[in-house]
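**Student:** A single structure is presented below for examination.
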Amino acid sequence: MRALCLLLLGVPIAATVAYAQTPIEPRIESRLLLQINRARANPAGYAEALRLYRGYYQGRIVRIPGNPIGLITREGVVPVDDAIRFLRRQPPLPPLAAAPILARAAADHVAAQGRSGQQGHIGADGSRPGDRVRRRGGDVYVGEIISYGAADAVAVLRQFVIDDDVPGRGHRTAVFSAHYRFAGIACGPHPRWRVMCVVDLSATADGRPPA
Numbered sequence: 044m045r046a047l048c049l050l051l052l053g054v055p056i057a058a059t060v061a062y063a064q065t066p067i068e069p070r071i072e073s074r075l076l077l078q079i080n081r082a083r084a085n086p087a088g089y090a091e092a093l094r095l096y097r098g099y100y101q102g103r104i105v106r107i108p109g110n111p112i113g114l115i116t117r118e119g120v121v122p123v124d125d126a127i128r129f130l131r132r133q134p135p136l137p138p139l140a141a142a143p144i145l146a147r148a149a150a151d152h153v154a155a156q157g158r159s160g161q162q163g164h165i166g167a168d169g170s171r172p173g174d175r176v177r178r179r180g181g182d183v184y185v186g187e188i189i190s191y192g193a194a195d196a197v198a199v200l201r202q203f204v205i206d207d208d209v210p211g212r213g214h215r216t217a218v219f220s221a222h223y224r225f226a227g228i229a230c231g232p233h234p235r236w237r238v239m240c241v242v243d244l245s246a247t248a249d250g251r252p253p254a
């Protein structure tokens, strides 16, 4: 499992991992928001799910049932144990509400990288997440996390929360940030990683500063 960089109110993160060639889950965007909100509402319960997932590790390889090739990680169980400790301390948080402007900006990035094969938060035109939200009528006060390779909502969230090989565990921090109240999610095909999911986050529905 490999990660690139993070954007959290000015800082981008993207995580990449090779999964088996399973189809992209239908309605993955709405399912991912549901998974994120369940984890925010019950961090201790999600910690228990990760404890069970930890049992699939064989050194640095994760042998998930139904994925015969396994997942290659950089750190093995270290970030899983770190995530479990984090989640057991984390208080419950309110759910994130769906934000159409943020979702459209996320979809713009998915579409562009689906054509170019690029990775990361900077667009081929030099745009950053806030630039893309502003083009959609919002403002630049947004964070963004990106997953590459995971084809279903459960796997995408797990990738974000475990945050293998990401200094500072920035995806995890974003998912469990009390500052964020809204999310826009878009997923689609990627020529190198087959699938990518972009989650744009903000304290407001359009990326503007809170009143």
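Residues 44 to 254 in the numbering used here are what the sequence shown spells out, letter by letter. Glycine is no exception: its CB is placed at the ideal position from the N, C-alpha and C atoms.
For a test of the three-state rule: what should DSSP assign to residue 91, helix, strand or coil?
**Tutor:** Residue 91: helix per DSSP, three-state reduction.
**Student:** Can you give me the Cβ contacts of residue 177 inside the same chain, cut-off strictly under 8 angstroms, excluding the 5 residues immediately before and after it?
**Tutor:** 183 and 250
**Student:** Which residue wins for smallest C-alpha separation from residue 199, given the options 70, 66, 78 and 69?
**Tutor:** Nearest option by C-alpha distance: 78.
**Student:** Just mark residue 44 as buried or exposed, buried being the case when its beta carbon has 16 or more other beta carbons within 10 Å.
**Tutor:** Unreliable placement is indicated for residue 44, whose pLDDT of 29 sits below 50; the coordinate value is still reported in the next sentence. Buried, by the Cβ-count rule.
**Student:** Restricting to Cα atoms, I'd like to know which of 114, 97, 193 and 96 is closest to residue 26.
**Tutor:** Residue 26 falls outside the range modelled here, since the chain spans only 44 to 254, and no answer is possible.
**Student:** Pick out whichever of 202, 131, 118 and 109 has its Cα sitting closest to the Cα of residue 85.
**Tutor:** For residue 85, the closest C-alpha among the options 202, 131, 118 and 109 is that of 131.
**Student:** Is the number of C-beta pairs between the stretch 146-166 and the stretch 229-249 that are closer than 8 angstroms three or more?
**Tutor:** Yes, the stretch 146-166 touches the stretch 229-249.
**Student:** Whole beta strand (DSSP E) runs in the stretch 197-235 with 3 or more residues, listed along the chain?
**Tutor:** 225-233
**Student:** State buried or exposed for residue 101, treating a residue as buried only when at least 16 other CB atoms are found within 10 Å of its CB.
**Tutor:** exposed
**Student:** Which whole-angstrom value describes the C-beta separation of residue 195 and residue 68, a residue pair presumed to lie in contact below a C-beta threshold of 8 angstroms?
**Tutor:** Right, their Cβ atoms sit about 4 angstroms apart.
**Student:** From the DSSP output, read off the bridge partner residues of residue 245.
**Tutor:** DSSP, once it has assigned bridges, lists 225 as partnering residue 245.
**Student:** Taking 6 angstroms as the limit between beta carbons, can you name the residues of its chain near residue 142, skipping five residues before and five after?
**Tutor:** 225, 227 and 248
**Student:** Confirm, please, whether the CB-CB distance from residue 244 to residue 185 is below 8 angstroms.
**Tutor:** Remark: C-beta atoms of residue 185 and residue 244 approach each other more closely than 8 angstroms.
**Student:** Under the rule that 16 or more other beta-carbon atoms within 10 Å means buried, what is residue 180, buried or exposed?
**Tutor:** So residue 180 ends up on the exposed side.
**Student:** Roughly how many angstroms lie between the CA atoms of residue 89 and residue 222, to the nearest whole one?
**Tutor:** 20 angstroms
**Student:** So for residue 251, helix, strand or coil by DSSP?
**Tutor:** Looking at residue 251 - three-state DSSP - the assignment turns out to be coil, as it is neither helix nor strand.
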